[in-house]
Amino acid sequence: MTAQLNHFLAFSPVFFEKSNPTQNPCFLLLKVRFFSSARLTHNPKISHSESTESLISLSGNRVSRTVRAEAQDVLFEYLHSTRSFSFTDADHISKNSPHFLQQLLFKIDNDKDVARSLENPQILSAKCEKNILQALEFLLYIRMRIEEIANIIYEHMELLCSCSLKRPNSVCKELNVTKDDLCQIIREDPMKFFNLVSKSKVKSSEQILSEDQSKKRDKVAFLLRLGYVENSDEMMRALKKFRGRGDQLQERYDCLVQAGLDCNVVSSLIRHAPMVLNQTKDVIEKKIDCLTRCLGYPLTSVVAFPTYLCYDIERINHRFRMYVWLKDRGAAKPMLSLSTILACSDARFEKYFVDIHPEGPAVWKSLQNMSLTS
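Take a look at the structure:
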């Protein structure tokens, strides 16, 4: 299997560069042009040619502001959406790693798909990689030619990434055909590969595009209710920052209003900190309950520091339990601001909220161990 895979990777026309047979096949798969997709969004203020020209300028040790901003957005999405970093950590890393971003941008090939590739980092998820390897193994098993496999992957990458497949023997048994017969069926109509082999019902590219357009319309309607101007630059930026369907965003908005905040205050808060609505309703409710009931802070505290709602509940619990412990012993001032307790680095927090009391380090370690065992 590995030998066949390496042969495929070395000669497939959909790869940017020749593969090294000694490399891990899973790593090599990341060199496939995974990102070609008709449903990718495109920044209307930046044309394809402008993006390409901006990337060409990288060779002269000059990174344009536009390219750097796009790269920061991509790094944020990758860390937050596919590596499960918290919003705050992903945002901080993406905006404070200039040397890493510059080195990364210098390594990008000036390929026609680069501009679109940068806009779809979620395709690098482990699930997508698993599905691609599964499809490749399936096609090799039924003895399909390398060139034909390459063509299927190139033309139907989006579907391959989203489909979990049945085993070849199961498919042959269900259809009462041989491996060669199945190979011929797929060779004549590659779309039958997805309809016959996928564990779930496969949607066509047209269906996916239609659903995406519907979701975008719902999201635009929600943003218009918040006061955004249709087709404005601000709305275009907001569409990228808000994640979720329009009805989900509205539900999260209503959750903040129902908690006791004025609707105008919530609208203003969200426009200044859109990442707040990227939390689910359950998570928002849990964090508000923790703030008001467990910590004793007024709900209006989130107006001054809305990012509170974006921190992991574990970080909130650890730090505030430590703070309450210190406050009860007269070692900390009462009602410190949320940002003072949450926004500082781990090292700074330990310096000012742990090490200032002789028993602090032991208590802090105990709090951390409690979460590991729970």
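Per our numbering: the sequence shown ends with 375, consecutive numbering throughout.
Ideal Cβ placement from N, Cα and C applies to all residues, glycine included.
In or out: residue i buried (at least 16 other Cβ within 10 Å) or exposed?
| i | result |
| --- | --- |
| L300 | exposed |
| S60 | Low local confidence applies: a pLDDT of 42 at S60 is under 50, so the model's placement there is unreliable, with the coordinate-based value given in what follows. When all chains shown are included, S60 counts as exposed. |
| Q249 | buried |
| G247 | buried |
| F321 | buried |
| E360 | exposed |
| K174 | exposed |
| S95 | buried |
| F101 | exposed |
| F28 | A caution first: F28 carries a pLDDT of 36, below 50, which makes its placement in the model too unreliable to give a value. |
| D263 | exposed |
| M371 | exposed |
| M323 | buried |
| P377 | The requested residue 377 does not occur in the structure, where the chain is confined to residues 2 to 375. |
| S118 | With a pLDDT of only 48 at S118, under 50, the local geometry of the prediction cannot be trusted, and the value read off the model is given with reservation. Buried: at least 16 other Cβ atoms inside 10 Å. |
| E231 | exposed |
| I289 | buried |
| D347 | exposed |
| D356 | exposed |
| D92 | buried |
| A72 | buried |
| L270 | buried |
| L76 | buried |
| L176 | exposed |
Are the Cβ atoms of residue i and residue j separated by less than 9 Å?
| i | j | result |
| --- | --- | --- |
| F139 | R168 | yes |
| L343 | R316 | yes |
| D90 | K241 | no |
| M145 | I187 | yes |
| R272 | G228 | yes |
| L161 | I143 | no |
| S199 | S171 | no |
| M336 | Y309 | no |
Roughly how many angstroms separate the alpha carbons of residue i and residue j, rounded to a whole number?
| i | j | result |
| --- | --- | --- |
| M197 | L278 | Per the sequence shown, residue 197 should be read as Leu rather than Met. Between L197 and L278, the C-alpha separation is close to 39 Å. |
| F223 | D190 | 41 Å |
| P362 | A333 | 15 Å |
| F243 | M276 | 7 Å |
| E351 | I147 | 57 Å |
| V203 | N152 | Note on V203: pLDDT 47, under 50, position unreliable in the model; the coordinate value appears next. Rounded to whole angstroms, V203 to N152 spans 19 Å at the Cα level. |
| D234 | C311 | 25 Å |
| Y155 | G261 | 52 Å |
| R66 | L327 | 45 Å |
| V303 | K366 | 28 Å |
| M192 | A136 | 13 Å |
| S98 | F86 | 15 Å |
| C345 | R238 | 28 Å |
| R226 | V258 | 14 Å |
| C291 | L339 | 12 Å |
| Y353 | T341 | 10 Å |
| V68 | M236 | 20 Å |
| L368 | H319 | 6 Å |
| V267 | S163 | 36 Å |
| Q104 | Y79 | 17 Å |
| F88 | D313 | 9 Å |
| E130 | L141 | 17 Å |
| R349 | E286 | 29 Å |
| R330 | A274 | 35 Å |
| V178 | K128 | 29 Å |
| Q214 | E149 | 32 Å |
| V364 | A305 | 30 Å |
Let me see if you follow: with CB-CB separation under 9 Å, is residue i close to chain B or not?
| i | result |
| --- | --- |
| I342 | Going by chain labels, chain B is absent from the structure shown, which holds only one protein chain. |
Unbroken alpha helix (DSSP H) runs of length 4 or more, entirely within the stretch 209 to 261: which are they? 234 to 242, 247 to 260
With three or more C-beta pairs closer than 8 Å as the rule, is the stretch 214 to 222 touching the stretch 173 to 183? no
Can you find at least 3 beta carbon pairs, one from the stretch 282 to 289 and one from the stretch 247 to 266, that sit closer than 8 Å? yes
Which full runs of the alpha helix (DSSP H) of 4+ residues lie inside the stretch 138 to 179, going along the chain? 147 to 156, 158 to 163, 169 to 176
Give, in chain order, every unbroken run of the alpha helix (DSSP H) that is at least 4 residues long and sits entirely within the stretch 336 to 374. 339 to 343, 347 to 354, 361 to 374
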